[in-house]
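Numbering (full-length UniProt numbering), first residue to last: 1 to 257. To start, the structure under review is shown below, and the notes come after it.
Listed below in structure tokens is the structure:
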């Protein structure tokens with residue numbers, strides 16, 4: 001597993017070595033640009049691929065303590081579509097985890113309460129879900145997380161142990177903020193792309209062939225399209241004797257971390 005700090009020290013050592021070699025005429029200075037470009041590419045990959053564990057430990061798949069259990073997760077809510085999602089989960093007796101935006105929790109407190117009342121889990125997805133989260137300072141990230149934690153605690157009187165970064169982006173600032181706030185960073189093993197793909201069958205094709213015990217599925221409770229996809233996914237789960245459970249159950253994470 002690649003680690004940011006190890007790669008950083010390795011690349012710095014290589015750059016220093018090449019720089020000295022170039023100064024002495026043994027190496028072409030172009031090698032400096034080549035290595036710097038490689039470092040930049042690795043860093044970009046580590047930042048954008050939540051499963052890379054490059055900057056921080058990310059839980060993106062369970063160990064399948066029960067081979068029929070997986071986790072449905074919904075990002076960016078609650079919204080007007082969350083009610084339909086909850087209706088389906090209730091009808092098929094499935095549990096899920098909702099990674100909620102703080103502002104949305106304030107906008108739809110009754111939906112947040114219903115999520116909890118029906119046995120689902122709330123997770124932290126920052127307060128604003130800013131597109132610029134990757135440029136935030138450690139302090140700014142901490143404020144985004146802490147503010148949403150307070151909202152969640154007012155709803156369930158528990159410390160929230162889980163956080164999912166917007167867009168799955170990680171970097172040193174986000175890693176430090178999560179460490180300071182004792183957050184388990186949650187990713188996914190199956191990305192549905194339900195906010196991008198318009199064809200519902202294509203979305204299902206991204207999920208169903210890979211659905212098995214331990215998988216974590218990323219969906220968004222933000223469109224009618226996802227609601228329709230969810231119904232087909234739940235029908236399939238019942239047929240295959242698969243069961244969606246909460247993240248804390250799948251990963252054995254409690255309110256104390």
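Virtual Cβ for every residue (Gly too), placed ideally from N, Cα, C.
Per DSSP, residue 216 forms a beta bridge with which residues?
Paired residue(s): 71.
Taking C-alpha atoms, which residue in 67, 96 and 164 lies nearest to residue 60?
Taking only the C-alpha atoms, the option nearest residue 60 is 164.
To the nearest whole angstrom, what separates the beta carbons of residue 115 and residue 126, a pair I think is in contact under 8 Å?
About 18 Å separates the Cβ atoms of residue 115 and residue 126, ruling out a contact at the 8 Å cut-off.
Beta-carbon contacts of residue 160 that lie in its chain and below 6 Å, excluding the five residues immediately before and after
So the list reads 124, 149 and 152, once near-sequence residues are dropped.
If you follow the alpha helix (DSSP H) that residue 226 is part of, which residue opens it and which one closes it?
It spans 224-239 - the alpha helix (DSSP H) in which residue 226 sits, taken as one unbroken run.
Verify whether the separation of the beta carbon atoms of residue 145 and residue 88 is less than 7 Å.
Not in contact: residue 145 and residue 88 (Cβ atoms no closer than 7 Å).
What separation, rounded to the nearest whole angstrom, lies between the Cα atoms of residue 239 and residue 173?
Roughly 44 Å separates the two Cα atoms.
With a threshold of 16 other CB atoms inside 10 Å of the CB of residue 78, please say whether the residue is buried or exposed.
Counting Cβ neighbours within 10 Å, residue 78 comes out buried, since at least 16 surround it.
In this structure, what does DSSP give as the bridge partners for residue 97?
By DSSP's assignment, residue 97 forms a beta bridge with 73 and 121.
Determine the DSSP secondary structure at residue 259, reduced to helix, strand or coil.
This structure leaves residue 259 out entirely; the chain is present only between 1 and 257.
By the three-class DSSP mapping on this structure, what secondary structure does residue 85 have?
Helix, per DSSP.
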